[in-house]
Amino acid sequence: MSQQPIYTVSQVNRYVKSLLDGDRRLAGLFVRGEISNYKRYPSGHHYFSLKDGEGALRCVLFRREAELLRFQPENGMTVIAFGRLTVFPRDGQYQLYCSRLTPDGVGDLHVAFEQLKAKLYQEGLFDPAHKKPIPRFPTKIALITSPAGAAVRDMLRILKARWPLAEVYVVPVRVQGAEAPGELAAALEWANRNRVADLIITGRGGGSMEDLWAFNDERVARAIFACTTPVISAVGHEPDVTIADFVADLRAATPSNAAELAVPDRSELKSALNGLEARLTGAMSRRLERARTWVEQMGERRALSDPMAPIQDRRVLLDYQRERLARGLQGALSGERERLGRLSAALDALSPLKVLARGYAIPYEKDGTMVRSISQAETGMELDLRLWDGTLRCRVEGSAHQKQRSQP
Numbered sequence: 000m001s002q003q004p005i006y007t008v009s010q011v012n013r014y015v016k017s018l019l020d021g022d023r024r025l026a027g028l029f030v031r032g033e034i035s036n037y038k039r040y041p042s043g044h045h046y047f048s049l050k051d052g053e054g055a056l057r058c059v060l061f062r063r064e065a066e067l068l069r070f071q072p073e074n075g076m077t078v079i080a081f082g083r084l085t086v087f088p089r090d091g092q093y094q095l096y097c098s099r100l101t102p103d104g105v106g107d108l109h110v111a112f113e114q115l116k117a118k119l120y121q122e123g124l125f126d127p128a129h130k131k132p133i134p135r136f137p138t139k140i141a142l143i144t145s146p147a148g149a150a151v152r153d154m155l156r157i158l159k160a161r162w163p164l165a166e167v168y169v170v171p172v173r174v175q176g177a178e179a180p181g182e183l184a185a186a187l188e189w190a191n192r193n194r195v196a197d198l199i200i201t202g203r204g205g206g207s208m209e210d211l212w213a214f215n216d217e218r219v220a221r222a223i224f225a226c227t228t229p230v231i232s233a234v235g236h237e238p239d240v241t242i243a244d245f246v247a248d249l250r251a252a253t254p255s256n257a258a259e260l261a262v263p264d265r266s267e268l269k270s271a272l273n274g275l276e277a278r279l280t281g282a283m284s285r286r287l288e289r290a291r292t293w294v295e296q297m298g299e300r301r302a303l304s305d306p307m308a309p310i311q312d313r314r315v316l317l318d319y320q321r322e323r324l325a326r327g328l329q330g331a332l333s334g335e336r337e338r339l340g341r342l343s344a345a346l347d348a349l350s351p352l353k354v355l356a357r358g359y360a361i362p363y364e365k366d367g368t369m370v371r372s373i374s375q376a377e378t379g380m381e382l383d384l385r386l387w388d389g390t391l392r393c394r395v396e397g398s399a400h401q402k403q404r405s406q407p
């Protein structure tokens with residue numbers, strides 16, 4: 000046993016590390032596996048394991064490489080990691096030092112796009128309730144795009160041809176590369192803060208997903224959402240869809256289409272105005288014709304051709320009505336006279352004076368009370384005796400009861 004060398008743990012670990020580091024196949028290794036135990040430390044380093052159905056491999060992604068990731072690694076995600084396999088001498092465990100991480104089956108840009116899309120959707124940045132209406136007749140338009148691209152020339156040409164009344168400002172930015180998202184976000188914030196226009200168009204011409212990636216940046220999306228000025232997104236071609244398209248108030252298929260959507264076509268507007276003018280002229284002509292016909296009909300009426308005719312007609316009618324009223328009143332008066340004569344004769348027949356004229360008299364006391372019975376009179380009482388032609392003053396000397404004669 001004395002002939003066998005004895006090694007320390009550190010020596011063994013360093014020896015194994017030298018073996019692994021000397022294997023060229025392990026210096027650049029692609030490994031497919033499912034992420035588990037994913038942790039991101041405050042230092043910016045990412046630690047996780049890749050596993051399959053039979054084993055697991057510890058991995059580390061240092062901050063410098065992690066900053067280049069376009070997507071967020073998650074547990075359960077199948078990825079392909081590229082790196083070198085070596086041993087960390089301190090604990091003797093071998094692990095994969097990753098320099099690149101790619102989702103399996105799809106590109107990292109696609110994963111990053113879907114992750115950011117889901118995040119912003121959950122926050123409500125795509126909600127139609129936040130969409131602002133595009134002004135129908137904008138007076139100032141800001142184009143936030145590259146000043147050297149074909150897209151800006153197409154938009155300027157179309158805007159001038161369709162609606163030359165609008166003032167167009169080009170806010171130059173880079174639309175591709177690492178600096179592009181920051182410049183786009185800053186330009187959007189500046190244009191909105193200073194109210195340089197009542198409509199903003201931002202976009203660029205077509206390209207690959209990498210070329211258009213600036214418009215999938217979270218900073219650009221939040222800058223568009225924060226704009227109080229309406230924003231039209233015009234990125235790439237019809238099939239190209241970016242995060243900016245979802246956040247913007249209106250998505251255009253191409254930059255040229257954005258210019259068409261931003262302003263009305265003056266020729267179409269002129270045709271529409273001409274049509275309205277023709278309709279208005281026709282309506283006024285028909286109205287004037289009806290008024291002219293009405294005036295002619297009124298002019299033919301007798302009331303206008305002979306103004307005194309209605310008055311004369313009313314005079315004749317008044318005389319006729321007066322005659323009818325006089326005849327009616329005369330007939331009514333004659334009837335009442337006849338009725339009065341009958342009532343007078345009947346009343347005269349019932350008059351007490353007629354009775355007194357036949358020799359009867361009516362005694363009254365001094366206060367005018369009629370004496371109807373001898374029981375009302377006392378001896379010595381003075382009475383007024385009413386005859387048919389005057390009144391006699393009498394004194395009661397006595398009274399005598401008169402027997403009733405029996406009826407035969």
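Counting along the sequence shown from 1, when you hit position 31 you're at 30 in numbering that gives the first Met the number 0, and nothing is skipped either side.
All residues carry an ideal CB built from backbone N, CA and C; glycine is no exception.
Just so you know, these numbers come straight off a predicted model, no measurement behind them.
Legend entry - Limits of the alpha helix (DSSP H) - the one that residue 280 falls within: 265 to 298
Legend entry - Sub-8 angstroms separation of residue 180 and residue 213 beta-carbons: yes
Legend entry - residue 82 versus residue 126 - alpha carbon distance: 42 angstroms
Legend entry - Spatial distance of residue 403 from residue 338 (CA atoms): At residue 403, the pLDDT of 48 sits below 50, so the modelled position is not reliable; the number obtained from the coordinates is stated separately. The straight-line gap from Cα to Cα measures roughly 41 angstroms.
Inset, instruction - Could you tell me whether the segment 45 to 60 touches the segment 12 to 29, using the rule of 3 or more Cβ pairs below 8 angstroms? - result: no
Inset, instruction - Answer with buried or exposed for residue 160, where buried requires no fewer than 16 other C-beta atoms within 10 angstroms of its C-beta. - result: exposed
Inset, instruction - Sort 360, 9, 282 and 101 by Cα distance to residue 32 and report the nearest one. - result: 101
Inset, instruction - Please confirm if the segment 216 to 228 is in contact with the segment 185 to 199, defined as three or more CB-CB distances below 8 angstroms between the two stretches. - result: yes
Legend entry - residue 261 versus residue 247: straight-line alpha-carbon distance, rounded: 13 angstroms
Inset, instruction - Count the other C-beta atoms from every protein chain shown that fall within 10 angstroms of the C-beta of residue 231, then say buried if there are 16 or more, exposed otherwise. - result: buried
Inset, instruction - Could you give the DSSP three-state label for residue 69: helix, strand or coil? - result: coil
Inset, instruction - Sort 264, 165 and 377 by Cα distance to residue 197 and report the nearest one. - result: 165
Legend entry - Selection from 295, 355, 170 and 397 that minimises the alpha carbon distance to residue 389: 355
Legend entry - Buried versus exposed call for residue 371 [16 or more other C-beta atoms within 10 Å across all chains shown]: exposed
Legend entry - Segment contact flag, the segment 135 to 153 with the segment 198 to 211, C-beta cutoff 8 angstroms, min 3 pairs: yes
Legend entry - Short Cβ contact (8 angstroms threshold) for residue 362 with residue 386: no
Inset, instruction - Give the straight-line distance between the Cα atoms of residue 42 and residue 66, rounded to the nearest whole angstrom. - result: 12 angstroms
Inset, instruction - Go ahead and pull the three-state DSSP assignment for residue 197. - result: coil
Inset, instruction - Give me the Cα-Cα distance between residue 113 and residue 176, rounded to the nearest whole angstrom. - result: 20 angstroms
Inset, instruction - Have a look at residue 150 and residue 48 and give me their C-alpha separation to the nearest angstrom. - result: 46 angstroms
Legend entry - Boundaries (first-last residue) of the beta strand (DSSP E) holding residue 92: 92 to 102
Legend entry - Endpoints, the beta strand (DSSP E) within which residue 381 is located: 381 to 385
Legend entry - Residue range of the unbroken beta strand (DSSP E) whose run includes residue 362: 361 to 363
Legend entry - Proximity test, Cβ basis, 8 angstroms: residue 359 and chain B: Of the chains in the structure shown, none is chain B; there is only one protein chain.
Legend entry - For residue 13 and residue 7, the rounded distance between their alpha carbons: 10 angstroms
Inset, instruction - Out of 44, 275 and 254, point me to the one whose CA is closest to residue 153's CA. - result: 254
Inset, instruction - Would you kindly check if the distance between the Cβ of residue 124 and the Cβ of residue 224 is under 8 angstroms? - result: yes
Inset, instruction - Check whether the Cβ atoms of residue 145 and residue 173 sit closer than 8 angstroms, and answer yes or no. - result: yes
Inset, instruction - Specify the secondary structure class of residue 118 as computed by DSSP and reduced to three states. - result: helix
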